[in-house]
Structures are given as C-alpha cells and as structure tokens.
Amino acid sequence: MSKTVFMRGLQNFISDIRACQNKEQEQKRVDKELAKIREKFGDDKSLSGYDRRKYVWKLLYIYMLGYDIDFGHKQACDLIPMPKYKDKQVGYMACSLLMHENDEFLRLAINGVHMDLTSRNEAFECLALSFVGNVGGIDMAEALTQDILKLLSSGTSRPIVKKRAALCLLKMIRKVPSDQMIVNPDTFCSTMAGLLEERDLGLLLSAVTLLHGILARNGPAGYETCQSRVIKVLE
C-alpha cells in the first residue's frame, strides 16, 4: 500500500474529491474519472503495469466512496498472475472487494492463485490464502483445496501461513455440498493432531476453529485421537 503514495495521478484524484463542496461536484468528478478509466481499459494492451495499478486503485477508491463499479474486473484479475508483489496486492484487493464468489471473472484468477499457493513465496502465499478465504466459492474449493492442504501440512510453512491456510480450508469445507467430503479424516487426522501441538497462539486458535468446523459438518468419526490434545490445550 505504501507504494501508492507515489502515484501522482491517484493523489491528484483524491485531492480533487476532497475539494468538492457538495455531492453534485463529487459525482461529476467521479463520472469524469470513470469515463477516463473506461476509455483507457478499452485499449488494455497498451497500458503499462504502473497505469493498470493506478486505475485499479482509483476504482477501489471510488468504490469505497459508495459508487458502483461495473467494469475493470478483468483488469483486476490480470494483476494477480503478475510477478511483482505490488501488482498482486492491488489485484487481490480489488477482486476481493469488487467481486462475489460466483463472479465469472474469478475463474480467470484461479490459475494465478494456484501459482501463488505453490510459489514458496510466503508473501504471495498469504495474499492468495486471504483472498480465497474471503471470496472463495465451490470452484476454488474444487481447484485449490489440495494446495491449501499442502501448505497446512508442510514442515516449512511458518505459523503466519498455516493459520491462514487453516481458516481458508474451513471456508472451502463449508462451500462444498454437505454430502461431499474434501478432507478425509484417515489422511488429515495426523495433520490436525500436529496443528494442535503448535505453540503459536494464533495458529492454535485457527486449528481449533478448523477442527470445530469439521466436526460440526462431518461428525467426530476419525478424529477421536484429537480429543486428548484438545483437552491438553484447555488445561
């Protein structure tokens, strides 16, 4: 986010909005800016990475002012597979705020999310997990659950990644039909038991929340060995 303070065009636009004396002036300035952004996105291939980020940030600011944004979704999705963090950051944020889980444009982002989840870059992993945890639906559950499970069970993943992965997995479990089990207790119970041995309080809380969600949905069968560990946590 700190990089955005050097976007002069974004700063100027925010200053113009703040200088408006009434709602009518603000509406006029917003409409002018939306028309400009729509025109720029019409010639999308000629846009630099900087300009694409700048215009998406402007759309986010306009959205936060309370205006509807009915375009720019594709451009936001296109930022997710970019190699730089500053591109991914605004791409994930825009997709999280401007789209819902059934938005057709989210399907364009799934491959980029998969690449980030398997990138071994902690910053990228956290961005992707937070995004899926916020807006992930059944399509993402079917495509990305295995990637999330690998992060959760990895011996190299730090608590900051694992606690996001735990809550993200819970979201995926809740999104699939009730008769579909995406986590098999025969293979996942040992991972769950290991999470309950963690010393990091944030990760431990996420693990207990995940276990509670699994048991509430699928019942306790297969997770009996976790009982003693939960009691130990409570002690």
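Just so it is clear: in the sequence shown, position 45 is 147 by this note's numbering, and no numbers are missing.
Glycine residues also receive a C-beta, built at the ideal position from the N, C-alpha and C atoms.
Quiz item: Would a C-beta distance cut-off of 7 angstroms place W159 and L112 closer than the cut-off?
Solution: yes
Quiz item: What residue range is occupied by the uninterrupted alpha helix (DSSP H) comprising A323?
Solution: From DSSP, A323 is part of no alpha helix (DSSP H); its letter is neither H nor E.
Quiz item: Just reading off the alpha helix (DSSP H) that F226 is part of, what are its end residues?
Solution: 224-237
Quiz item: For Y187, does the count of other Cβ atoms within 10 angstroms reach 16, so buried, or fall short, so exposed?
Solution: exposed
Quiz item: Rounded to the nearest angstrom, how far is the Cβ of C197 from that of F233, given a contact under 8 angstroms?
Solution: 7 angstroms
Quiz item: To the nearest angstrom, how far is it from the Cα of R154 to the Cα of Y194?
Solution: 14 angstroms
Practice problem: State the CB to CB distance for the pair S308 and A268, rounded to an integer number of angstroms; the pair is presumed to be in contact (CB under 8 angstroms). | Solution: 4 angstroms
Self-check item: Option nearest E135 by Cα separation, candidates L231, I164, E227
Solution: I164
Self-check item: Spatial distance of F115 from L181 (CA atoms)
Solution: 22 angstroms
Practice problem: From the DSSP output, in three-state form, read off V278 for me. | Solution: coil
Self-check item: Pairwise C-alpha distance: R319 and V107
Solution: Low local confidence applies: a pLDDT of 47 at V107 is under 50, so the model's placement there is unreliable, and no value is given.
Self-check item: Euclidean distance between Cα positions of L313 and R209
Solution: 29 angstroms
Quiz item: What is the DSSP secondary structure of P185, counted as helix, strand or coil?
Solution: coil
Practice problem: Return the chain-ordered list of same chain residues with a C-beta closer than 8 angstroms to the C-beta of K156, the five sequence neighbours on each side being excluded. | Solution: M109, G111, L112
Quiz prompt | For C291 and L229, the rounded distance between their alpha carbons | solution = 27 angstroms
Quiz item: Where does T258 fall in DSSP's three states?
Solution: coil
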